[in-house]
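Trainee: Could you have a look at this structure, given as structure tokens, before my questions?
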Amino acid sequence: MGHWLVGTECLATCRFALSPLVETVAAVGVLAEIRPEPWRRSWLATHQPAFRAHLATAPEPAAWLAARRPSDWPAALRLPVPDPDADPRLLDLTAPALPPALAELLDWTWQHVVGPEWPARLRALRTDLTTRRERAARHGWPAALPHLGPQHRWLPDGRLRLTAPDLPPPPHPAPALLLVPTSARHGWLLPDESHTRLAVVYPTSAAPVPGPRTPPASLGRLLGSARAELLADLDRPRDTTQLAARTGLSPAAVADHLTVLLDARLVAATSTAGRYYRTALAEALLSAQPAG
1 MGHWLVGTEC LATCRFALSP LVETVAAVGV LAEIRPEPWR RSWLATHQPA
51 FRAHLATAPE PAAWLAARRP SDWPAALRLP VPDPDADPRL LDLTAPALPP
101 ALAELLDWTW QHVVGPEWPA RLRALRTDLT TRRERAARHG WPAALPHLGP
151 QHRWLPDGRL RLTAPDLPPP PHPAPALLLV PTSARHGWLL PDESHTRLAV
201 VYPTSAAPVP GPRTPPASLG RLLGSARAEL LADLDRPRDT TQLAARTGLS
251 PAAVADHLTV LLDARLVAAT STAGRYYRTA LAEALLSAQP AG
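Under the UniProt record's numbering, think of the first position of the sequence shown as 1, with each following residue one higher.
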């Protein structure tokens with residue numbers, strides 16, 4: 001088990017990168033997950049049947065995925081460190097260490113799943129990194145990125161300790177740090193071969209593609225406009241601060257409305273404290289409403 005200590009100087013100069021390849025890997029992980037997160041139900045119902053049918057025709061990547069835990073296999077791909085200056089609209093599958101069969105699976109997933117959704121995914125990821133930057137400027141990096149993974153720890157002095165089974169000894173001088181948001185359940189580390197750059201892929205806890213924000217008028221008449229808007233905004237896990245910023249309600253008002261929605265079992269809490277998402281009952285209620 002290797003450990004790297006990332007100092008405050010390195011954190012001060014870190015950059016964000018957006019990677020179509022990382023996000024395509026994340027999509028494969030979600031599609032192959034045995035027990036997916038509940039807020040991904042509608043997205044999985046759209047894409048998982050075709051993915052499973054394709055995987056049935058590709059025994060080599062299917063066996064490769066089945067032999068590894070979902071939290072482990074993205075790091076095992078040895079993806080290249082994303083270039084923060086590259087065009088985030090283009091997928092590059094030329095990584096030399098990528099097995100051909102897995103490259104074909106990633107290409108299929110991009111063509112049939114991620115690519116058509118990419119503008120919406122890109123907006124969601126850009127929103128996340130903007131929020132992280134602003135929170136880091138106000139409250140520091142431990143507040144901006146509190147949940148990087150179960151093995152990583154923020155130390156009391158503000159340094160970050162990164163831990164991974166195959167992480168080599170830390171280089172000197174410290175590597176350039178990249179932060180890469182993804183909709184995967186688990187993050188992972190991507191050091192480059194020279195150990196001069198290290199990408200920390202972190203989970204945003206976001207649904208793959210954001211749903212529509214405007215709730216049906218009939219739902220507003222049923223629940224009240226504020227609760228209907230909150231329900232429409234919970235297409236992915238959000239906390240009360242995020243919901244207040246998006247709706248214009250005060251955090252106290254958001255908390256009161258969430259209490260009602262929780263009691264009605266239209267909203268549930270994630271394992272990460274303070275974050276909420278809409279339930280399958282809420283999804284059925286939303287889909288049953290007329291458009292007008």
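Here a beta-carbon is modelled for each residue, glycine too, at the ideal position from N, C-alpha and C. If you're wondering where the values come from, they're calculated on a predicted model, not measured in any experiment.
Keeping to the same chain, check which residues put their C-beta closer than 7 Å to that of arginine 68; ignore five residues upstream and five downstream.
Mentor: Short of 7 Å from the beta carbon of arginine 68, and not among the five residues preceding or following it, lie these beta carbons of its own chain, in chain order: Ala76.
Trainee: Determine the direct distance from the alpha carbon of leucine 5 to that of proline 210, and round the result to whole angstroms.
Mentor: Low per-residue confidence applies at proline 210: pLDDT is 49, beneath 50, and the placement is therefore not dependable enough to give any value.
Trainee: Excluding sequence positions up to five away, which residues of its chain have a Cβ less than 8 Å from the Cβ of leucine 90?
Mentor: Pro20
Trainee: Of all the options Val28, Leu266, Pro146, which has the alpha carbon lying nearest to the alpha carbon of glutamate 104?
Mentor: Comparing alpha carbon positions, the residue from Val28, Leu266, Pro146 closest to glutamate 104 is Val28.
Trainee: Between aspartate 128 and threonine 204, how many whole angstroms is the CB-CB distance? I'm expecting something under 8 Å.
Mentor: 5 Å
Trainee: If I measure Cβ to Cβ from threonine 8 and keep anything under 7 Å in the same chain, skipping five residues before and after, which residues do I get?
Mentor: Gly158, Arg159
Trainee: Helix, strand or coil for glycine 2 per DSSP?
Mentor: strand
Trainee: Can you pull the DSSP bridge partners for tryptophan 154?
Mentor: Leu160
Trainee: Take the Cβ of proline 212 as the centre, count every other Cβ of all protein chains shown within 10 Å, and call the residue buried at 16 or more, exposed below.
Mentor: Low confidence applies here, because proline 212 scores a pLDDT of 49, under 50, leaving its location unreliable and the question unanswered by this model.
Trainee: Which residue or residues does DSSP assign as beta-bridge partners of alanine 199?
Mentor: Leu178, Leu190
Trainee: What's the gap between the Cα of proline 168 and the Cα of arginine 236?
Mentor: 35 Å
Trainee: Three or more C-beta pairs under 8 Å: does that hold for the segment 247-262 against the segment 176-186?
Mentor: The segment 247-262, when compared against the segment 176-186, does not touch it at the 8 Å Cβ threshold.
Trainee: Three or more C-beta pairs under 8 Å: does that hold for the segment 133-153 against the segment 185-200?
Mentor: yes
Trainee: Would you list, in sequence order, the uninterrupted alpha helix (DSSP H) runs of no fewer than 4 residues that lie entirely inside the segment 56-134?
Mentor: 59-66, 73-76, 100-109
Trainee: Arginine 221: which of Leu102, Gln289, Tyr276, His54 sits nearest, CA to CA?
Mentor: Gln289
Trainee: Determine which residues share a DSSP beta bridge with arginine 275 and list them.
Mentor: Asp239
Trainee: Looking at the strands, I want to know which residues DSSP matches up with phenylalanine 16.
Mentor: Partner(s): Leu179.
Trainee: Could you check what DSSP says for alanine 184 in three-state terms: helix, strand or coil?
Mentor: coil
Trainee: Got a sec, what are the start and stop residues for the beta strand (DSSP E) alanine 269 sits in?
Mentor: 267-269
Trainee: Leaving out five residues on either side along the sequence, give the residues of the same chain with a beta carbon under 6 Å from the beta carbon of glycine 274.
Mentor: Counting only residues of its own chain and dropping the five nearest sequence neighbours on each side, glycine 274 has a CB closer than 6 Å to the CB of Asp239.
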